[in-house]
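Residue numbers (the numbering used here), protein chains in the order written: chain A, 3 to 128; chain B, 3 to 128. First the structure, in the form of structure tokens, and then the observations on it.
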């Protein structure tokens with residue numbers, strides 16, 4: 003990753019939290035669960051859209067929708083430890099993840115996660 | 003179109019047939035009918051694929067399939083008079099068009115169309 007090159011073989015970023023082994027396990031489980039739910043939802047949505055197709059433009063709408071959703075999901079579910087608090091903050095904000103699922107993470111991470119979720123909520127309201 | 007620039011504002015290609023008004027009407031109807039049938043078929047196929055989706059990879063298979071089919075259909079249904087005999091030859095070969103639908107075209111065009119259809123059939127058999 004280009005953005006990491008400055009620290010390659012060196013120390014991690016100062017502000018980047020260190021993830022312990024048990025935290026990594028919690029993160030992986032929470033991440034996979036949220037992704038699984040989002041994909042399951044999308045499958046249901048795609049089935050519904052497909053069942054309602056009547057004309058060719060509806061077909062290309064479905065294709066376009068799936069393509070955009072795939073790109074969005076790829077961007078959103080970025081499992082790099084340097085990105086994880088951001089990812090979880092966004093998922094928390096979108097109610098795709100509960101705080102309960104993050105239980106066991108250290109407070110430094112939970113603070114970052116909650117703080118982003120709050121920021122996004124404010125941005126939505128603005 | 004880059005390929006046309008050499009003859010732009012000049013004479014059409016020597017070997018390019020001229021389409022009369024009535025031939026253009028026949029061509030348009032045949033073209034639209036074949037395209038309509040192919041899209042209708044694709045809609046049925048997409049609905050079937052969507053209804054059978056169980057896991058996320060099936061969803062991305064559908065997206066990929068629709069995207070490829072869209073590009074293929076865009077390429078195939080090229081309504082330029084310089085391309086039409088080629089387009090109809092391919093559609094005839096694929097049984098997406100009957101000779102009946104081309105009735106009323108001049109023999110010069112029908113010959114080109116049949117000749118391409120035969121060529122493609124031979125290529126398939128080889």
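C-beta: ideal position from N, C-alpha, C; glycine also.
Compare the C-alpha of residue i against each of the options and name the closest.
{"i": "residue 121 of chain A", "options": "A/53, A/88 and A/54", "result": "A/88"}
{"i": "residue 68 of chain B", "options": "B/80, B/57, B/43 and B/84", "result": "B/43"}
{"i": "residue 130 of chain A", "options": "B/57, B/37 and B/63", "result": "A question about residue 130 of chain A goes unanswered here, because the residues of chain A that appear run from 3 up to 128."}
{"i": "residue 23 of chain B", "options": "B/128, B/79 and B/107", "result": "B/107"}
{"i": "residue 86 of chain A", "options": "A/128, A/114, A/46 and A/39", "result": "A/114"}
Since residue i and residue j should fall inside the 8 Å C-beta cutoff, what is the C-beta to C-beta distance between them, to a whole number of angstroms?
{"i": "residue 101 of chain B", "j": "residue 93 of chain B", "result": "The Cβ separation is near 11 Å, so there is no contact."}
{"i": "residue 52 of chain B", "j": "residue 64 of chain B", "result": "6 Å"}
{"i": "residue 48 of chain A", "j": "residue 103 of chain A", "result": "Not quite, the Cβ-Cβ distance comes to about 25 Å (not below 8 Å), so this is no contact."}
{"i": "residue 18 of chain A", "j": "residue 84 of chain A", "result": "5 Å"}
Rounded to whole angstroms, what is the Cα-Cα separation between residue i and residue j?
{"i": "residue 126 of chain B", "j": "residue 50 of chain B", "result": "28 Å"}
{"i": "residue 20 of chain B", "j": "residue 81 of chain B", "result": "14 Å"}
{"i": "residue 109 of chain A", "j": "residue 116 of chain A", "result": "10 Å"}
{"i": "residue 97 of chain B", "j": "residue 61 of chain B", "result": "30 Å"}
{"i": "residue 77 of chain A", "j": "residue 90 of chain A", "result": "13 Å"}
{"i": "residue 54 of chain A", "j": "residue 75 of chain A", "result": "24 Å"}
{"i": "residue 128 of chain B", "j": "residue 46 of chain A", "result": "44 Å"}
{"i": "residue 66 of chain B", "j": "residue 66 of chain A", "result": "11 Å"}
{"i": "residue 59 of chain B", "j": "residue 39 of chain B", "result": "28 Å"}
{"i": "residue 105 of chain A", "j": "residue 79 of chain A", "result": "19 Å"}
Measure from the C-beta of residue i to each C-beta in chain B and report whether the shortest distance is under 8 Å.
{"i": "residue 73 of chain A", "result": "no"}
{"i": "residue 65 of chain A", "result": "yes"}
{"i": "residue 69 of chain A", "result": "yes"}
{"i": "residue 62 of chain A", "result": "yes"}
Using the Cβ count rule (16 or more neighbours within 10 Å means buried), how would you classify residue i?
{"i": "residue 13 of chain A", "result": "Residue placement at residue 13 of chain A cannot be trusted, given a pLDDT of 48 that sits under 50; what the coordinates show is reported in the next sentence. Classification for residue 13 of chain A: exposed."}
{"i": "residue 119 of chain A", "result": "buried"}
{"i": "residue 70 of chain B", "result": "exposed"}
{"i": "residue 4 of chain B", "result": "Low confidence applies here, because residue 4 of chain B scores a pLDDT of 41, under 50, leaving its location unreliable and the question unanswered by this model."}
{"i": "residue 111 of chain B", "result": "buried"}
{"i": "residue 32 of chain B", "result": "buried"}
{"i": "residue 27 of chain B", "result": "exposed"}
{"i": "residue 123 of chain B", "result": "exposed"}
{"i": "residue 29 of chain A", "result": "buried"}
Could you confirm whether any beta carbon from chain A is found closer than 8 Å to the beta carbon of residue i?
{"i": "residue 52 of chain B", "result": "yes"}
{"i": "residue 49 of chain B", "result": "yes"}
{"i": "residue 41 of chain B", "result": "yes"}
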